[in-house]
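Each number in the numbering used here comes from the position in the sequence shown (counting from 1) with 1109 added on. Let me begin by presenting the structure, written as structure tokens, before commenting on it.
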Amino acid sequence: LPIAAGENLRSVWDFRHLIASGGVTFPEPDATNCGGVTAFMKIAHLAEAFNLPVTSHGAHDLTVHLLAGVPNRSYLEAHGFGLDRYIADPLEIREGMAIAPERPGHGIRFDWAGLEKIRA
């Protein structure tokens, strides 16, 4: 039975233990939990060294770029928390495939006017 796990792990070291012990089929780092972009990429490459595909958890507008940058990518977890209305160009899914924007960096541009309306 394939197992995706790791969304709550906090470090590359945690993933090293999970992967090396054979406890996961799809390592699933969350860039907002595991240490950011650099840690996410290290985890993806660690998974590749064990011949495992990497998937993602959360922050799909960011992780679409990270997965696009690794050869062992598999699934992108996309969710609808209502945040798309505050992003100028939300994640595009075409024919079941997530399209990574070609803008530099993480590519996320916020709708600051929309966010201003809900500022506390």
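Ideal Cβ placement from N, Cα and C applies to all residues, glycine included. Everything numeric in this text was worked out from a predicted model, so none of it was measured.
Buried or exposed, going by whether 16 or more other CB atoms sit within 10 Å of the CB of A1140? In the sequence shown, residue 1140 corresponds to position 31, counting from 1. Around the Cβ of A1140, a 10 Å sphere holds 16 or more other Cβ atoms; the residue is buried.
I need the DSSP call for E1201, collapsed to helix, strand or coil. Residue 1201 sits at position 92 when you count from the first residue of the sequence shown. In the structure shown, E1201 sits in a strand (DSSP, three-state: E or B).
Taking Cβ to Cβ, would you say L1161 is nearer than 9 Å to A1209? As a working mapping, residue 1161 is identified with position 52 in the sequence shown. As a working mapping, residue 1209 is identified with position 100 in the sequence shown. Not a contact, by the Cβ cut-off of 9 Å.
Give every residue of the same chain whose Cβ lies closer than 6 Å to the Cβ of A1168, excluding the five residues on either side of it in the sequence, and list them in chain order. For the purposes of this step, residue 1168 is taken as residue 59 along the sequence shown, with counting starting at 1. Correct list, in chain order: A1140, T1141.
Grab the span of the alpha helix (DSSP H) containing I1196 for me, first residue to last. Position 87 of the sequence shown, counted from the start, is the residue given in the question as residue 1196. Per DSSP, I1196 lies in no alpha helix (DSSP H) and is assigned neither H nor E.
At least 3 beta-carbon pairs within less than 8 Å: the region 1181-1191 vs the region 1216-1227: With fewer than three CB-CB distances shorter than 8 Å, the region 1181-1191 does not count as touching the region 1216-1227.
Mapping the DSSP letters down to three states, classify F1159 as helix, strand or coil. Counting from 1 along the sequence shown, the entry for residue 1159 is found at position 50. Coil at F1159, not helix or strand.
Hey, how far is the Cα of I1112 from the Cα of V1146? Within the sequence shown, residue 1112 is the residue found at index 3, counting from 1. Within the sequence shown, residue 1146 is the residue found at index 37, counting from 1. For I1112 and V1146, the distance between alpha carbons rounds to 23 Å.
For G1115, collect the residues of the same chain with a Cβ closer than 7 Å to its Cβ; drop the 5 residues on either side in sequence, then sort them by chain order. As a first step, residue 1115 is located in the sequence shown; it is residue number 6 there, counting from the start. Short of 7 Å from the beta carbon of G1115, and not among the five residues preceding or following it, lie these beta carbons of its own chain, in chain order: F1124, L1127, V1133, P1136, E1137, P1138.
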